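Contents: one structure, followed by commentary.
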Amino acid sequence: MIYAIDMSRRFLLGLAALLSFSGLWALDFTGLSYAAVEIMPEASSGLEAVYVLSGDDASARIVYTASTGQVRWYRFSTLGGAYAEEIDAERDGSRWSVPFAGEDMGYIVEDGMSRHCYWIVDYSRHRFDVSSFAANAAEDCGRTLLAVDGEAGPIPYYSINGRRMEISRELTLSYSSLSFDEGAFAYTQVPVETVLAGISGSTAIEAPLCNTTFNLEGDRFLRAWGEAVSVESEYYTTVAVEAETKATSSHEQADNEQGSGDESALGGSAPCEIRFEAAVTDAAVYTEWQISRSADFDMIDNSYSELAFDYTFTESGTTYVRFVANNAAGDCEFVGTTYEVFIGESKLEIPNAFSPEASPGVNDEWKVSYKSLTSFECHIFNRWGTCLYSSKEPSEGWDGKYR
């Protein structure tokens with residue numbers, strides 16, 4: 198079967214969509230104590246707008262300003278526009294109106310060859326009304342469950358095809374948490390404010406990192422009408438554990454010391470001293486730095502409860518270091534980044550000649566080339582057994598002078 202659309206009708210339909218988008222065919226209302234709140238619906242709904250009325254006015258009317266001389270009104274339920282019924286409308290010049298039914302309902306307006314669909318919500322049936330508000334730790338330590346006793350869920354509306362959709366209440370949730378300050382290398386308390394579409398049953402949010410109370414303010418419609426209300430939770434004790442760690446090498450490589458080849462890698466030549474530091478959130482009661490020769494830490498060689506400590510690596514091979522923290526109950530664990538510290542095998546290369554003062558700037562000083570020497574002692578004698586030079590530091594060299 199082939200369908201054909203008259204070009205003039207196609208033009209009018211396109212024009213209708215354009216004008217509707219510009220708000221020319223938006224609905225108006227009379228007899229309201231509070232202004233209607235207009236919501237832009239999902240594009241797939243087939244609706245031009247959703248309006249939320251306070252529902253307190255029995256004499257409220259819905260008004261449409263026509264662009265042609267003839268207008269017909271229809272009303273439909275949650276079943277969709279296919280089950281719409283025609284309703285009588287009053288005309289006042291180009292303005293056509295019908296009484297507000299006092300319930301959630303869809304409306305269709307036929308204006309000549311164009312059709313406009315709307316959904317109107319009676320807010321009194323969905324009023325934000327919360328008697329109590331609670332915040333509880335979830336099984337997932339990183340989440341907190343919010344629960345309300347009362348009405349606070351998203352408000353439903355229905356598409357022209359009868360598909361359920363939801364309007365966000367834009368509830369404002371405010372509380373305190375911690376934020377990591379990299380410059381100070383510490384967690385500091387910060388205010389947090391987030392917007393929720395609604396709370397139905399339990400709603401999970403990211404767990405705060407400090408003890409706090411939650412304040413829930415609602416909703417966007419009450420705010421628009423100057424009647425916003427808020428409810429506060431009982432004091433919430435945090436269980437979530439987070440930490441930030443860093444490792445800093447204090448070892449400065451001498452010009453005759455053989456390095457690892459990777460300047461960003463930890464370790465290189467022994468003895469290598471590295472400072473490990475951790476910053477933790479409020480719930481971290483048990484803290485431990487773990488040092489192991491095993492990548493899976495099945496055996497801990499050393500451990501430190503301090504948040505910051507210095508450790509000198511002298512053994513060749515790879516050593517693994519990580520930070521672990523737990524809350525008081527031991528059921529929320531944080532395991533940090535694993536640092537790999539590689540120390541190379543000991544090496545010592547001894548030159549057998551040098552030329553002090555013979556060619557200034559070139560080969561003027563006698564030095565060993567070394568790596569991972571934890572103990573060193575050097576003595577140079579002349580042929581008559583006189584000690585010309587002694588040192589216990591491999592980074593030092595001899596310039597060929599005696600006394």
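Each residue of the sequence shown is one higher than the one before, counting from 198 in this note's numbering.
Quick reminder that beta carbons are idealized off the backbone N, C-alpha and C, glycines included.
Since the structure is predicted, the reported quantities are computational estimates derived from the model, not experimental observations.
Ends of the beta strand (DSSP E) at residue i?
{"i": "A401", "result": "399-403"}
{"i": "K443", "result": "440-446"}
{"i": "F226", "result": "225-227"}
{"i": "Y372", "result": "368-378"}
{"i": "L343", "result": "340-348"}
{"i": "N523", "result": "514-523"}
{"i": "F273", "result": "268-273"}
{"i": "F506", "result": "505-510"}
{"i": "S500", "result": "499-501"}
{"i": "V247", "result": "246-250"}
Could you pull the start and end residues of the alpha helix (DSSP H) that residue i belongs to?
{"i": "R417", "result": "417-421"}
Going by beta carbon distance, what residues of the same chain come within less than 8 Å of residue i, once the five residues before and after it are set aside?
{"i": "I497", "result": "Q487, I488, S489"}
{"i": "P351", "result": "E363, I364, S365, R366, A394, G395, S397"}
{"i": "N549", "result": "none"}
{"i": "I202", "result": "Low confidence applies to I202: its pLDDT is 29, below 50, so where it sits in the model is not reliable, and the reading given next is rough at best. There are no such residues."}
{"i": "G582", "result": "none"}
Taking residue i as the reference, give the member of the options with the closest Cα.
{"i": "Y432", "options": "P388, V538, T265, Y372", "result": "Y372"}
{"i": "K544", "options": "S566, E530, V559", "result": "S566"}
{"i": "A404", "options": "S572, P557, R340, G243", "result": "R340"}
{"i": "R472", "options": "A246, F520, T434", "result": "F520"}
{"i": "N524", "options": "E542, S466, V477", "result": "V477"}
{"i": "D301", "options": "I317, R312, G309", "result": "I317"}
{"i": "A505", "options": "F382, G309, S374", "result": "F382"}
{"i": "A440", "options": "W422, G415, S430, L406", "result": "L406"}
{"i": "T442", "options": "V268, I402, F377", "result": "F377"}
{"i": "A475", "options": "Y304, T535, A425, A335", "result": "T535"}
{"i": "F273", "options": "D253, F573, A255, A298", "result": "A298"}
{"i": "A437", "options": "S588, N358, A334", "result": "A334"}
{"i": "T596", "options": "R580, T410, G558, A255", "result": "The sequence shown places Asp at residue 596, rather than the Thr named in the question. It is G558 whose Cα lies nearest to the Cα of D596."}
{"i": "L419", "options": "D289, G541, R324", "result": "R324"}
{"i": "D337", "options": "D416, T583, C529, A555", "result": "C529"}
{"i": "V387", "options": "S374, E379, G380", "result": "S374"}
{"i": "V249", "options": "T385, R417, G380", "result": "R417"}
So, for residue i: in the same chain, excluding its five sequence neighbours on each side, which residues have a beta-carbon less than 6 Å away from its beta-carbon?
{"i": "R292", "result": "V260, T262"}
{"i": "T515", "result": "E537, F539"}
{"i": "G594", "result": "E562, W563, K564"}
{"i": "V428", "result": "V327, F330, L413"}
{"i": "D225", "result": "V260"}
{"i": "A451", "result": "S592"}
{"i": "T434", "result": "N408"}
{"i": "I236", "result": "V247, I364"}
{"i": "V345", "result": "V327, F330, I396"}
{"i": "P238", "result": "L244, V247"}
{"i": "R580", "result": "none"}
{"i": "G303", "result": "F273, W316"}
{"i": "L342", "result": "N333, A335, S399, A401"}
Thinking residue i and residue j are a contact (beta carbons under 8 Å), I'd like their distance in whole angstroms, please.
{"i": "V295", "j": "A286", "result": "5 Å"}
{"i": "A257", "j": "G228", "result": "4 Å"}
{"i": "T275", "j": "D308", "result": "Not really, about 25 Å apart at Cβ, beyond 8 Å."}
{"i": "S356", "j": "G243", "result": "6 Å"}
{"i": "A332", "j": "S430", "result": "5 Å"}
{"i": "Y320", "j": "S230", "result": "About 12 Å separates the two Cβ atoms, so there is no contact after all."}
{"i": "F494", "j": "Y517", "result": "7 Å"}
{"i": "C575", "j": "S587", "result": "7 Å"}
Closer than 7 Å by C-beta to residue i: which residues in its own chain qualify, once you throw out the five before and the five after it? Chain order, please.
{"i": "E454", "result": "S466, Y567, K568, S592"}
{"i": "T369", "result": "E390, V392, E414"}
{"i": "L570", "result": "S543, L545, P591"}
{"i": "A462", "result": "F539"}
{"i": "V532", "result": "R519, V521"}
{"i": "A421", "result": "V234"}
{"i": "Y599", "result": "L585"}
{"i": "G347", "result": "D326, V327, S328"}
Practice task
Say whether the stretch 307-314 touches the stretch 392-401, bearing in mind that this needs 3 or more beta-carbon pairs closer than 8 Å, one atom from each stretch.
Solution key: Taking 8 Å as the limit for Cβ pairs, the verdict is that the stretch 392-401 does not touch the stretch 307-314.
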